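From first to last, the protein sequence lines are chains A and H.
Following this note's numbering from start to finish, the first sequence increments by one per residue and tops out at 881.
Following this note's numbering from start to finish, the second sequence increments by one per residue and tops out at 136.
Ideal Cβ placement from N, Cα and C applies to all residues, glycine included.
Only a predicted model underlies this, so the values are computations on that prediction, with no experimental measurement involved.
Take a look at the structure below.
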Amino acid sequence: MTISPLPPTEKTPPRAVDVRGLVIAAAQALAPQYPLHRFIARNPYAGYEDLPWDIARERIAAEHGTSLVRPESAYRDLYAAGGVNDADLTDALGTLVHDVSLDRVVRWSGRDIRVADVFIADLLASPEAPLPRRTLLTPAERFAPRVHTKIETYLARLGARSLGHAPAPDPLTAGRFWDAWRRSAGRDLTLPVRVRRGVRIAAESPEEAIATAFEHWEVVGDDAVALLRAHLLSLPGWAAAIADGSSGAVTLTDWLAARVTLELLWLPSDTPAWHPNAAATTAAAVVFPAERHAERVAAVADSLALTLADAERAELSRILHALPESCRLEAWHAAAERHLALLVSPRSRPRADRGRPASQVVMCIDPRSEGMRRHLEASGDIETFGFAGFFALAIAFQDAAGGPAIASCPVLVAPRARVHEGSADQAAIERLRRGAVTARTAHDTLEGVAESAASPFAYAEIAGWATGPASVARTIAPVTTARVARNLREIVAPRPATRLDPDVAFALDERIAYAESALRMMGLVNGFARLVVLCGHGATVANNPFAAALQCGACGGHEGSPNARAAAAVFNDPETRRGLDGRGIHIPADTVFVAAQHDTVTDRITILEPWSVPATHAADLAAFEDAAARARIGSGRERLAELPGAPANPTDDVVLAELERRGADWAQVYPEWGLCGNVAMIVAPRRVTAERNLARRVFLHSYETDADPDGSALETILTAPMIVAQWINAQYSASTLSPNRFGAGSKTLHNVVGNVGVVSGYGGDLRTGLAWQSVGVGHGARHEPVRLQVFVQAPLERVGEIVSRSHVVRQLVDNRWITLRARADDDTDWATLTRYGWRTQPLSDAPSPTEPTPKETTAWN
Amino acid sequence: MELKDLTPMVKIEIVIPARHAPEVTDLIRSLGARGYTAVSGVAGFGHHGERGGRMLFNDHDALTMLITVVPEDRADAIASAMHPVLTRMSGVMFVSETAVSRAEYFV
């Protein structure tokens, strides 16, 4: 056997046979792009998290022209508003400044000055750090911007045509894309003659076409990957949608081949040689010239009102060198994170026996549940728990109406079994299916035509006479129209009393194993109430392409009701209970599990299978529903106070009416705030966070060390729910920091392209993140972009072992994409896990547990 | 059948995060591999410490081992194409000599 030494072609441009590997390598910069119906937990930084955060910050600046942090002016405004203080800055500087002690005191101009104060003056007064700029450019972008614009316009049209749902078969999506595209582009009169001619005689395969470009630009090794990367990141939305694979016929290799071929043919023959900017791959994207340092020294001296002698000035200069200018924004960012972490950090609250509660409610870890849990606890004798909203059952759900099965589980996992909805009343199921088929066919036809890139105008001409009056009704009376539509659906397809079949889908040992995992993960292994409500969540919204982003992240962007119903059936299953008994978890015979759903827009909690609740527990259920009704008003009033356009000081009736209106109003761009403001995840017993208003900013996962003897439950929490929480946190931060690159811009400009995504206006790149209305109001950001702050109440050794064992968690911690704090119990200080071990971080300067109400920060976009 | 009757082939084993398995299997098939075996949930220890581990609800970050057997002339292309992939994502590749009884399945 003779295998060529690797790599075989470092000194010559890669061959066609190497192209697909290079494409995969280049595509690591693309974030996963899910279609709209499961647009959830999309982490734009995923491809960079194998790098330390500070290195990734430079790389992202070079490749995307955007930043992982706010501009310095925004941090200074935050400081002025009290969102960062000197203690936060000093703590952050402590991790970044190593060559000089922050506690050292220098004597300049006859005054004693603490070194920490010198750096704080630097952060507040020095010339602002420059904004990042994209340096990894395609040859056309660098040498012929006009040509580049024309190519981008053409490719955006090509993307919409290839991936959007066309009302009729498109030749481009039939057969081999490369052949179809060459035929199509070769006749496209919008392209210059020489380009058309060149396309017609281009290489026979996309791999050869890309190899031709490598040869033309004489790129070898890493430069070849950089060339492809520059092209992918020029229109990252379309590229990511193609990489997702849902496009079918077109592959990334096809897409890149079309790009580089057009570019070669379109650029003038005297275009200079291309070479990727070294800054894009290896060094800082932003260069700070030496003279800026002198300005820094002068600014600090002015700020501290110092008249410095030469020797003193030299010493100040030396001290400032200990904090490179490129690290200043990191100091600000860490300080802002610390400030928020202190606000939400759990306090000490020793265990106390509260007796058997009237009911227990398990809600999703989604930060929105925090508000409802707090109000439920205040409205009755209710104990609440936080757990991932799929309730440990990764299922494909097939509803009784017969639509396609949905993956109702985190995107991290594949469904383990298919759960069906059914009823003993077969005639009713048949009626439901017939009605549903009629409704689905009409809906799919209309939506398909309306959302196709090719047919919306024709649709308006043909169907406008019918949809016009309906549009007027939806605009003038949204709640009534929605009610009428619901009633019509009930007439066309009446829904009978149904149940799910997890007992068929899962074998007994699986049911026992998943039930035990869930209970141990949430620390509910004894003290069961008579009524345990498993409460999933969903969001009622109208006319919102990003509706999936408001649904349950643990259910893959779907409502959590199927999982709550399936889990309740499993926990009520006598055989499962017997199995749990054998594993040390005794669920009393009088305990009944009930499925419910929390609507995060209307704050209504609906019991999903009232027919499954035995008469013996009717009073318990009624008491819970009363408490839920009171909690709804409390939570709703609190949320409305933060939503744009909501009435001030509303009465209870106005609260309820306004919540319903926001869910039904198709012109409402702020139905709810979603997970805006999320800042932390707390894995701990509820008692350490109870009775505090965490303002719906924290993922709350219940956990009791005692219930998890071998640590496997905590390992599952840190390797699954925490990962999804980090993705969501990154998604919100990126959409806030870079609304034009990683966000989706304003909702009011969106045009839906099939099920793939949205574009702003009539074309351009596919938007990849959350709409601005998910993270901000007007020009001001509401979300505060910070890395996820994780608090775990568990023995440090246990947490450390899990981090060591799990690469995915270790990478997030070591590369500083999250901050992980732990404490063994209520009596010990929090310690932060660093590359060098645990660093104890007393939270003694934390403010008293007041309410960290999210606030609008100054606009920086 | 004796050992001398077997047909020499090259075995390529690739360990990568499961989320990358589809693109890598596409790659090796496009370069002439007639099939592969995927072993999910593998664990181990290497340059970057422990990998794999107990992940009840995380298929995304679990490791998968892909095994393919190809004639020597195709092994070169696969090994070459995998090189840039493995420099940009975590994973390892092992290439070794092997032999098969039904060569027609692999060519």
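query	result
Residue range of the unbroken beta strand (DSSP E) whose run includes residue 813(A)	808 to 813
Residue span of the beta strand (DSSP E) that contains residue 67(H), given as start and end	66 to 71
Neighbourhood of residue 112(A) by C-beta, 7 Å cutoff - its chain only, sequence neighbours within 5 removed	351, 354, 355, 358
Interface flag, residue 735(A) vs chain H, CB-CB below 8 Å	yes
Simplified DSSP assignment, three categories, for residue 892(A)	No answer is possible for residue 892(A): the residues shown for chain A start at 21 and end at 881.
Near-chain A residues of the stretch 90 to 110 of chain H (beta-carbon distance less than 7 Å), N- to C-terminal order	90, 101, 104, 105, 106, 108, 109, 110
Any C-beta of chain H under 8 Å from that of residue 435(A)	no
Proximity below 8 Å, CB of residue 432(A) to CB of residue 586(A)	no
Contact with chain A by residue 79(H), beta-carbon distance below 8 Å	yes
Own chain, CB closer than 8 Å to residue 591(A), minus 5 neighbours either side, in chain order	535, 552, 554, 597, 607, 613
Same chain only: Cβ atoms within 7 Å of residue 578(A), ignoring 5 sequence neighbours per side	426, 428, 571, 572
Local Cβ density within 10 Å of residue 749(A), reported as buried at 16 or more and exposed below that	buried
Chain A within 8 Å of residue 114(H), Cβ atoms only	yes
Residue 52(H): contacting residues in chain A (beta-carbon distance under 8 Å)	44, 47
Partner residues on chain H for residue 432(A), Cβ-Cβ distance less than 7 Å	86, 87, 88, 89
Cβ-Cβ separation, residue 43(A) to residue 109(H) (assumed contact under 8 Å), whole Å	Their Cβ separation, rounded to whole angstroms, is 14 Å, which puts residue 109(H) and residue 43(A) out of contact at 8 Å.
At least three beta-carbon pairs within less than 8 Å, the stretch 136 to 148 of chain A to the stretch 87 to 104 of chain A	yes
Contacts around residue 309(A), its chain only, beta-carbon distance under 8 Å, and the 5 residues preceding and following it disregarded	none
Coil, strand or helix - residue 877(A) by DSSP	For residue 877(A), the predicted model reports a pLDDT of 40, less than 50, meaning its position is unreliable and no value from the coordinates is stated.
C-alpha gap between residue 67(A) and residue 376(A), whole angstroms	48 Å
For residue 838(A): DSSP bridge partner residues	808(A)
Counted within 10 angstroms of its Cβ, other Cβ atoms place residue 508(A) as buried (16 or more) or exposed	exposed
Beta-carbon spacing of residue 234(A), residue 34(A) below 8 Å	yes
Under 7 Å by beta carbon: chain A residues contacting residue 69(H)	Chain A residues near residue 69(H): none, gap ~10 Å exceeds 7 Å.
Top-ranked residue by Cα proximity to residue 854(A), from 825(A), 533(A), 820(A), 862(A)	820(A)
Straight-line Cα distance separating residue 248(A) from residue 301(A)	Any reading at residue 301(A) needs caution, since the residue's pLDDT is 42, under 50, leaving its predicted position unreliable; the model's value is listed next. The straight-line gap from Cα to Cα measures roughly 13 Å.
The stretch 789 to 802 of chain A / the stretch 820 to 833 of chain A touching (three or more Cβ pairs under 8 Å)	no
Rounded Cβ spacing between residue 651(A) and residue 396(A) (contact assumed at less than 8 Å)	5 Å
Exposure label - residue 87(A); buried when at least 16 CB within 10 Å	buried
7 Å Cβ cut-off: residues of chain H touching residue 245(A)	113
For residue 116(H), the first and last residue of its enclosing alpha helix (DSSP H)	101 to 117
Buried or exposed (CB count within 10 angstroms, at least 16 for buried), residue 63(A)	buried
Beta-bridge pairing of residue 98(H) - partner residues as DSSP gives them	40(H)
is_contact[residue 739(A), chain H] using C-beta, thresh 8 Å	yes
Residue-level contact to chain H via CB, residue 531(A), 8 Å cutoff	no
Backbone secondary structure at residue 799(A) - three-state DSSP	coil
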